[in-house]
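Beneath this line is the structure, given in structure tokens, with notes to follow.
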Amino acid sequence: TQPLVQVENLKMHFPIKGGLLGKTVGSVKAVDGISFSIKKGETLGLVGESGCGKSTTGRMILRLLEPSDGTIYFEGKDITKLSTNEMRKTRSEMQMVFQDPFASLNPRHTIGKILEEPLIVHGVKDRRERKQRVQELLEVVGLSSYHASRYPHQFSGGQRQRIGIARALAINPKLIIADEPVSALDVSIQSQVLNLLQDLQKEYGLTYLFIAHDLGVVRHISDRVGVMYLGQLVEISESEDLYRNPLHPYTQALLSAVPIPDVTYKQERVILQGDVPSPVNPPKGCPFHTRCPKAMEQCSNIRPILKELEQGHHVACHLYD
Ligand code: SF4
Ligand code: MG
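Convert by adding 1 to the 1-based position in the sequence shown; the result is the number in UniProt numbering.
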């Protein structure tokens, strides 16, 4: 069956200008040719250190950022070439949940007003109908109708994220891109918000792209997980396979660094040397070769391509050539 989202060779390169004539002297390769799909009703976790291009990828899918190359299909339709007008309908089917719910909520508006806004934008003209929908949304995310008259500062971090989720749900989207939705929350609150997202997914048949910097957070919620490094997708597979049998040395290092309950994969802790290189003119060959404990000669020259090694388990690494 047709995936809900499919991206092919997606790129985001920002040119860097320099010198007196403002010539292009290089580029920031924030996202450098990634391809993956998201099936209807599934959660794809997208993991990597900050700056690896995962948020940029999410924003390009929503077309909040224009890709510099590549194609994005939504329900089989290429949305990269749609005009703003044509994009309007598709955009209402995709919503974003942000990391910092406070920053994304207008502090001077009541929650009722904040939740009414997307309804107005999408043409719900009847005021009573909007009020009704706001009540519904509050209940759906585990808040109460009296919360509608309160302001964002009167809520805890977890409650604000519930409001962010309610706002994303207001106009019945199909896809939700959640960019580190629990990273700013206390661990005890994180699992409540993750459970809420899972319940909502079942109830409304939602599809999620769930972005996180930590493999621990996405484990429970993801059907599949993709790992990004320096703008490239280095491994993607069914969640269970990835945690049981990580193939890419970077994924192995990430998994060895965090204790994740019930993960059978165990290895000596791999401490990665150095920092992630700059995405400005990134290393040739494998993007990970400057830090990889298993790097070989060809790794610094030839970029490994993502290949399916076992069913549904893709990896980009010369160890498996
Ligand atoms: Fe390491 Fe080479 Fe594999 Fe890159 S291609 S992850 S440098 S072994
Ligand atoms: Mg980010």
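We treat Cβ as the ideally placed atom computed from N, Cα and C, and that holds for glycine. Since the model is a prediction, treat every value here as computed from it, not as a measurement.
query                                                                                                 : result
Burial state of ARG225 (16 or more Cβ within 10 Å)                                                    : buried
Rounded distance between the beta-carbons of THR291 and PRO278, thought under 8 Å                     : 6 Å
Neighbour-count burial assignment, GLU67, 16 or more Cβ in a 10 Å radius                              : exposed
With 16 other Cβ atoms within 10 Å as the buried cut-off, status of GLU117                            : buried
Whole-angstrom distance between LYS126 and GLY49, CA atom to CA atom                                  : 42 Å
Collapsed DSSP secondary structure at GLU239 in the structure displayed                               : strand
DSSP beta-bridge partners of PRO16                                                                    : SER28
Pocket of ligand 1 (residues with CB nearer than 5 Å to any heavy atom), chain order                  : PRO250, CYS287, PHE289, HIS290, CYS293, LYS295, ALA296, CYS300, PRO305, CYS318, HIS319, LEU320
First and last residue of the uninterrupted beta strand (DSSP E) at LEU197                            : Run containing LEU197: none in the beta strand (DSSP E); it sits in the alpha helix (DSSP H), 188-205.
When ALA167, LEU106, GLU94, ARG109 are compared against GLN136, the one with the closest alpha-carbon : ALA167
Nearest-angstrom beta carbon gap, VAL259 and LEU195 [assumed within contact, 8 Å]                     : About 16 Å separates the two Cβ atoms, so there is no contact after all.
Contact check, LEU176 vs LEU201, beta carbons under 9 Å                                               : no
6 Å CB neighbourhood of THR81 in its chain, flanking five on each side removed                        : THR72, ILE73
Residue range of the alpha helix (DSSP H) that includes TYR321                                        : Taken as a continuous stretch (DSSP letters only), TYR321 belongs to no alpha helix (DSSP H), as it is neither H nor E.
Inter-residue spacing [alpha-carbon to alpha-carbon] between GLY20 and ASN282                         : 17 Å
Three-way DSSP call (helix, strand, coil) for ASN10 in this model                                     : strand
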